[in-house]
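A.B. asks: No gaps in the numbering here: position 206 of the sequence shown is 219 in the working numbering, and each next residue is one more. Quick reminder that beta carbons are idealized off the backbone N, C-alpha and C, glycines included.
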Amino acid sequence: MSARIRVPGPADDKYRRGVVGLRTGSDAYPGAAVLGVEAAWRTGIGMVRYVGPDRAAQLVLQRRPETVWGDGRVQAWVIGSGTEAGTRPAEETAALRGILSGSVPVVVDAGALGLAPGAAAPLLATPHAREHDALRAALGLAPVAPDADDDTRADAVRATADALGGAVLLKGSVTIVAAPGGAAIRVGPATPWLATAGTGDVLAGVLGSLTAAAGAAAPDELVSVAALAARLHDRAARIAAGVYGPRGGPITALDVAAALPHAVAEQSA
């Protein structure tokens, strides 16, 4: 499957365009929820549901009042962005395990990655290098050398996906995605202006939006969606940085989210 942007037609309504749920953010990192929700909307989803702590929810609704606060039916979940396993309440851990034991595809980020092994739901895990090593340790695999080349990283991502039984997106200048038993796809190198706080939360929102809109659930479908998301993420960053001249200029995560409609329009043309 080659993932494509789902362009709405005259017969579509907000439900047909897809509903994505985000269970992200914390009292310590409420901005992660704002960034993920913003990116999900900007990628072109019909509805975004948000579930999270009061402070994060208030900030989300201030920024994006069209967001529905509360649990409900979704076509994909995004969990873990802006959270830490060590400070997560027991009831929140139980709720996340409930999502991971279901049948709805789940984008698993940041603080929720430790819950991914053994999950029944279709998974797309999105670690950066240190999180990838922690995930591999939980799966009984060796860490990846910090100076590993992209061939070695690709082999490692394939092994992680095999052991996890789900798709894996390893963030980096060159992003690598793989499904169990499948080949690894490389995207990049991305613009270095993208290396700034919060852009991973933006990517998680893009991933959730595309997964819900596409109805992706099989590992190869999730890998295709993940590769498309990485390309859109980089393109949005280049558009945002390009405002400052041909060499680009400093951008923030919200700048990347704001440029996503332009990147989506290019991709769907």
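Could you give the first and the last residue of the continuous beta strand (DSSP E) run that contains T173?
C.D. replies: Here T173 belongs to no beta strand (DSSP E); instead the alpha helix (DSSP H) covers 163-177.
A.B. asks: Kindly list the residues whose CB is nearer than 7 Å to the CB of A125, restricted to its own chain and excluding five residues on each side of it in sequence; keep chain order.
C.D. replies: I92, G93, T96, L109
A.B. asks: With a Cβ-Cβ cutoff of 8 Å, do R19 and W54 count as a contact?
C.D. replies: No. Outside cutoff.
A.B. asks: Measure the alpha-carbon distance for L177 versus G115 and round it to whole angstroms.
C.D. replies: 16 Å
A.B. asks: Are A89 and A191 closer than 8 Å when you measure CB to CB?
C.D. replies: 8 Å or more divides the Cβ of A89 from the Cβ of A191.
A.B. asks: Comparing alpha-carbon positions, which option in H246, D175, P135 lies nearest A229?
C.D. replies: P135
A.B. asks: Express the C-alpha separation of S237 and M14 in angstroms, rounding to a whole number.
C.D. replies: Only weak support exists for where M14 lies, its pLDDT of 48 falling under 50; the coordinates are left without a value.
A.B. asks: Looking at the secondary structure, which residues open and close the alpha helix (DSSP H) in which W54 lies?
C.D. replies: Judged by DSSP secondary structure, W54 falls within the alpha helix (DSSP H) whose first and last residues are 44-56.
A.B. asks: Of the choices T106, A174, A46, whose alpha-carbon is the least far from that of W82?
C.D. replies: A46
A.B. asks: Quick one: measure Cβ to Cβ for G57 and R29, integer angstroms, because I've assumed they're closer than 8 Å.
C.D. replies: About 13 Å separates the two Cβ atoms, so there is no contact after all.
A.B. asks: Which residue wins for smallest C-alpha separation from V277, given the options G262, L137, V32, L223?
C.D. replies: L223
A.B. asks: Going by beta-carbon coordinates alone, are T139 and L152 separated by less than 8 Å?
C.D. replies: no
A.B. asks: Taking 7 Å as the limit between beta carbons, can you name the residues of its chain near P130, skipping five residues before and five after?
C.D. replies: A151, L152, L177
A.B. asks: CA-CA distance, L13 and G85?
C.D. replies: Residue 13 lies beyond the stretch modelled for the chain, which goes from 14 to 282, so this question has no answer here.
A.B. asks: Measure the alpha-carbon distance for V121 versus A227 and round it to whole angstroms.
C.D. replies: Taking the straight line joining both Cα atoms gives about 18 Å.
A.B. asks: Within this structure, are the beta carbons of I189 and R166 separated by less than 8 Å?
C.D. replies: yes
A.B. asks: Do you know offhand how far P205's Cα is from D247's?
C.D. replies: Distance between the alpha carbons of P205 and D247: 10 Å.
A.B. asks: Does the separation of the CB atoms of G211 and G31 fall below 8 Å?
C.D. replies: No; because the gap between Cβ atoms is not below 8 Å, this pair is not in contact.
A.B. asks: Entirely within the region 181-267 and at least 3 residues each: give me those beta strand (DSSP E) ranges in chain order.
C.D. replies: 188-191, 198-200
A.B. asks: Measuring only the C-alpha atoms, how far is L128 from K27?
C.D. replies: 31 Å
A.B. asks: So what does L136 bridge to, in DSSP terms?
C.D. replies: V119
A.B. asks: Let me check one thing: in DSSP terms, what residues is L35 bridge-paired to?
C.D. replies: Y63, V91
A.B. asks: What's the C-alpha gap between T100 and I112?
C.D. replies: 19 Å
A.B. asks: Once the 5 residues before and after A169 are set aside, which same chain residues still bring their CB inside 6 Å of it?
C.D. replies: V157
A.B. asks: Taking only three categories from DSSP, how would you classify V81?
C.D. replies: strand
A.B. asks: Measure the beta-carbon distance from V269 to V215 and round it to whole angstroms, keeping in mind my assumption that it falls under 8 Å.
C.D. replies: 5 Å
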